[in-house]
Structures are given as C-alpha cells and as structure tokens.
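Residue numbers (the numbering used here): 18 to 358. Notes for the one structure printed next.
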Amino acid sequence: METVRLGRTEIVTNKNGFGALPIQRISDEDAVYLLKKAYDNGITYFDTARWYTDSEHKIGLAFQGMREKVWIATKTGAIDADGFWKDLETSLTNLQTDYIDVYQFHNPSFCPRPGDESGLYDAILEAKEQGKIRHIGITNHRLAVANEAVDSGLYETLQFPFCYLATQKDIELVEKCKERDMGFVAMKALSGGLITNSAAAYAYLAQYDNVLPIWGVQREKELDEFLSYIENPPVMNEEIAAVIEHDREELLGEFCRGCGYCMPCPAGIEINTCARMSLLLRRSPSAGHLSEGGQEMMMKIENCLHCNKCKSKCPYGLDTPTLLEKNLEDYKNVLAGKVQV
C-alpha cells in the first residue's frame, strides 16, 4: 500500500484521499455505504467543507463511534472571525466530533495572517489552542495566494489543483511545499472530469511522494476504480506517458476547470458547465449534453448580460464571456450535425 506523509502534520495516509463534495448529491444511506467501504478498503483521509451542503453530516453518520480511525479535513469560507466560529461549531456538530484534523480556509482571495483586519488567522489559532482543530490549512485556486501561504510559514497544508495538466509553476509550488515540509493535497486531479483516464492521473501524481490526491467519489464504480489502485498502483510507462502527452496537447491553454467560483450568474447561466461544453462533448460524451434540458441550459448563454462578473472572479484569469460564446457556437454546430463528436 502506497502512503503519503502530509508534511509536518505527521499525518500518514493511503495515497488515495476521499473527496466528499460529490456525496452531497446522493442519499444518506448511499453516502454512508461509500464512506464505510472506502475506509474498510484502506482509505483514511476524508475531505469535505461547510459549502458542500450536507456532506459533513454524511461523514458524521459514517464514522460515529470510530472517530480516531480516520483523518477528517473540512473548510470554512468565512470572511471574518464571527463567521469562522459559527462555521467551526456547525462543522463539529455535523461531523459528530469534538475536533477536526485539518481545518482549512476555503479559497480566500488573500492569505489570512495574524493581526489582519479579517481576524481569521487569529481565530483559527485560538481554535487550535482550544483543541478543536489539530492542523491549520488553506485551499486555493490562485497561484499567487498559494505561494504566499507557503512562504508565510503559517500553514501546515495547502490544497491546490494539481494533475498532469500542471504548468511548470504548479510543479514548482509542489516542490516548494516539499522543501518547507508542508503537506500538499491535490484537488482537481481529474481536472473536473476532463481527464478520463484515472490510471494515468494516478501514475502522474504518484511521481510526487509528498502529494495526496483526493478523488471526488459519487458512485460505487468510481470508488472501486480507485480502490483497485491500492493493491495495484498504476506506474508511469510508455503507454500512460502517451496518454498524458495527447491530453496535454489537447487541453493545455485557456479552458474552464469547472471550479465554479464564477457562480452564481445573474443571467442564470451554468457557467462552470457551459464554458467547457465543447471539451465535455468530446471527452466525456453523454446524451444528456444534447438533450432538451442540455440545450435549454446552453441557450441561456444568449441571455448573457456581459456584466463581466464571472471574468473578474475567475481564479485562472479566463475571458469567460468569450469562452461561453465559443462554446455555444460549437454546441450549435454539433446540434446541426456540422461537427461530429
């Protein structure tokens, strides 16, 4: 079994973390089944957030009475100390626990520091002193904020998008975390569903011994796929390298990662799906994309207000309105049969 040490937290866990965002879409019963099956087969790190609706509640149901056997990470999107304490107490109640292993600031637009006007870091430090959290972490999609967090020395873990579509600057961030003995948790290891070869995704990340990937799991077949890698971990070879090279040629550049930080849209456009529809049609074809409901979703792009709110909120600096227009044009061509997928 391959394990990873999460920096100076000294947390050692299987090199498959369970990303619990998707379980908010399934029933309590189904979620508890998946969570327990994951634990029974060697997964011990479970990542959730206050923003993931009832995900924390489902983790609490699954691991009541066995808290010390798993590592639980959650997040707060609070912008001030009052919101922080409210989130923390809600999370503790939902998770049915009196402590959280890794408590993370959820994609803040800045790096919280002691004494700043937000009061967030002072609050999280007090929570650690009270024993309500064990380790202080931060998540982000912004490279500048992530680097500032690592350089500050204030955080024990960083959660950041990392997959085989990574840029050299992303790789340097991973290496810097290792140098600073800071845990690195890789989110978006499948790039929001655009990477369809999980074996290649695993093999790439396995090259970095300090990286803990968390895989978003909603269905048992998805879980089974990652569980199979515990006993038979994919390794980099010529075939996998060719898959990665092909995907990098096709996907590198300006594409929507589906993170959703552009939402909500005042015109009701589902931006984080619509802005990458062209790629979804080709890489994860589904009849639903071209269904009546799918068409209705895409045609809302025509109602774009061009307010540029989505553009200003994109952590990757994408020209989102232009990307939406290009995806709609391509979608219409597919519907008309002018382009085959």
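Cβ coordinates follow ideal geometry from the N, Cα and C atoms, glycine included.
By the neighbour-count criterion, in which 16 or more other beta carbons inside 10 Å mark a residue as buried, Pro178 falls on the buried side. From the listed residues Leu268, Ala216 and Leu296, the smallest Cα separation to Ala258 is found for Ala216. Relative to Cys194, the option among Gly209, Cys180, Leu175 and Asn157 whose CA is nearest is Leu175. For Asp139, the secondary structure class from DSSP, reduced to helix, strand or coil, is helix.
Annotation for Arg265: the continuous alpha helix (DSSP H) segment containing it runs Glu255 to Leu268. With contact defined as three or more Cβ pairs closer than 8 Å, the region 261-272 and the region 282-290 are not in contact.
Annotation for Thr290: the continuous alpha helix (DSSP H) segment containing it runs Ile288 to Cys291. Inclusion of Tyr278 and His158 in the CB contact set at 8 Å is warranted, their separation being smaller than that value. Boundaries of the beta strand (DSSP E) around Leu229: Val228 to Gly233. The residues Leu160, in chain order, have a CB closer than 8 Å to that of Lys186 in the same chain once the five nearest residues on each side in sequence are set aside. Approximately 6 Å separates the beta-carbon atoms of Gly200 and Glu173; this is inside 8 Å, confirming the contact. Secondary structure note for Ile188: it is in no beta strand (DSSP E), and the uninterrupted alpha helix (DSSP H) holding it is Gln185 to Glu196. Our two residues, Gly34 and Lys349, have alpha carbons roughly 39 Å apart in a direct line. Contact between Glu73 and Asn111 holds, since their C-beta atoms are separated by about 4 Å, short of 8 Å.
A contact between stretches requires three or more CB pairs, one per stretch, nearer than 8 Å, and the region 36-49 fails this requirement with the region 219-227. In the DSSP assignment, Tyr246 falls within the unbroken alpha helix (DSSP H) covering Glu237 to Glu248.
When the Cα atoms are used, Met314 and Ala304 turn out to be separated by approximately 14 Å. Beta-carbon to beta-carbon, Tyr120 and Arg130 are separated by about 16 Å, too far to satisfy the 8 Å threshold.
Our two residues, Leu23 and Ala66, have alpha carbons roughly 19 Å apart in a direct line. In this structure Gly148 is in contact with Tyr116, their Cβ atoms being roughly 6 Å apart against a cut-off of 8 Å.
Beta-bridge analysis with DSSP links Val119 to Ala90 and His152.
At the C-beta level, Asp226 and Val21 come within 8 Å of one another.
A distance of 8 Å or more separates the beta carbons of Ser308 and Gly210. Of all C-beta pairs linking the region 46-54 to the region 228-245, three or more are shorter than 8 Å, placing the two stretches in contact. Minimum Cα-Cα distance from Leu207 among the listed residues Cys276, Glu165 and Ser169 corresponds to Cys276.
Rounded to the nearest angstrom, the Cβ distance from Lys330 to Gly285 is 16 Å, too far for a contact under 8 Å. Annotation: Gly136 to Trp68 spans about 20 Å, alpha carbon to alpha carbon.
DSSP places Leu175 in the uninterrupted beta strand (DSSP E) bounded by Thr174 to Pro178.
Burial check for Thr156: the Cβ neighbour count within 10 Å reaches 16 or more, so the residue is buried. It is roughly 43 Å from the alpha-carbon of Leu352 to the alpha-carbon of Ala95. Ranked by Cα distance from Thr337, the options Arg299, Asn320, Glu271 and Gly354 are led by Glu271.
For the 8 Å CB-CB criterion, Phe63 and Val29 do not form a contact.
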